[in-house]
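J.: Residue numbers (our numbering): 93 to 241.
Positions of the beta carbon are idealized from the N, C-alpha and C atoms, including for glycine.
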């Protein structure tokens with residue numbers, strides 16, 4: 093069903109953006125519930141923005157015969173841009189480093205958005221689920237170990 097919608101020339105790009113927004117927002121909701129600085133809006137926008145840039149590379153760039161352009165450069169630019177955004181999330185507070193997991197989550201959610209943009213929906217859903225496991229189950233395990241010492 094979703095493959096048919098995503099294959100449609102008009103609704104496909106719109107559905108792609110919605111799917112990437114939803115997957116990113118799911119991760120952002122967990123971050124919001126964990127009281128982290130980046131939440132639903134940030135994660136949703138990063139995921140959807142990554143998909144948008146990939147869609148532009150897939151649909152607009154190949155239709156122009158004037159330019160010789162490698163669309164994979166868009167993916168590389170997304171990764172670099174997200175690195176800049178993640179750098180702003182990581183801070184020193186009271187001589188401890190904070191925000192690393194949130195920054196890593198933003199980096200992963202950009203990859204999820206890119207996967208959706210390229211049409212790898214199942215991969216993106218799996219990555220979303222795996223990231224939720226890291227955010228929740230691994231957090232629980234990590235804190236049980238730290239608190240047991």
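Excluding five sequence neighbours on each side, which residues of the same chain lie with their C-beta closer than 8 Å to the C-beta of residue 224?
T.: Numbered from 1 along the chain shown, position 132 holds the residue referred to as residue 224. Taken in chain order, the residues that qualify are 118, 119 and 122.
J.: Going by alpha carbons, who is nearest to residue 146 out of 208, 217, 216 and 221?
T.: Locating residue 146 in the chain shown gives position 54, where the first residue counts as 1. With distances taken between Cα atoms, residue 146 lies closest to 208.
J.: Just the Cα atoms here: how many angstroms apart are residue 124 and residue 164?
T.: The sequence position of residue 124 within the chain shown is 32, counting from 1. The sequence position of residue 164 within the chain shown is 72, counting from 1. Rounded to the nearest angstrom, the two C-alpha atoms are 32 Å apart.
J.: Checking 8 Å against the spacing of the C-beta atoms, do residue 181 and residue 191 come in under that value?
T.: Looking up residue 181 in the chain shown gives position 89. Looking up residue 191 in the chain shown gives position 99. It is a contact, given that the beta carbons lie within the stated cut-off.
J.: Tell me the DSSP bridge mates of residue 189?
T.: Mapped onto the chain shown, residue 189 falls at position 97. Per DSSP, 184.
J.: Leaving out five residues on either side along the sequence, give the residues of the same chain with a beta carbon under 6 Å from the beta carbon of residue 112.
T.: The sequence position of residue 112 within the chain shown is 20, counting from 1. So the list reads 139, 140, 143, 205 and 208, once near-sequence residues are dropped.
J.: Determine whether the beta carbon atoms of residue 171 and residue 222 lie at a separation below 8 Å.
T.: As a first step, residue 171 is located in the chain shown; it is residue number 79 there, counting from the start. As a first step, residue 222 is located in the chain shown; it is residue number 130 there, counting from the start. Result no, Cβ atoms of residue 171 and residue 222 do not sit closer than 8 Å.
J.: So for residue 102, helix, strand or coil by DSSP?
T.: Translated into the one-based positions of the chain shown, residue 102 becomes position 10. Looking at residue 102 - three-state DSSP - the assignment turns out to be coil, as it is neither helix nor strand.
J.: Leaving out five residues before and five after residue 219 in sequence, what residues of the same chain have Cβ atoms less than 8 Å from its Cβ?
T.: Numbered from 1 along the chain shown, position 127 holds the residue referred to as residue 219. Here the set comprises 200, 203, 204 and 207.
J.: Look up residue 152 in the DSSP assignment and say whether it is helix, strand or coil.
T.: In the chain shown, residue 152 corresponds to position 60, counting from 1. It is coil, neither helix nor strand.
J.: I'd like the list of long-range same chain contacts for residue 128, defined as Cβ closer than 7 Å, with 5 residues on each side in sequence excluded.
T.: By 1-based counting over the chain shown, the position of residue 128 is 36. The answer, listed in chain order, is 194.
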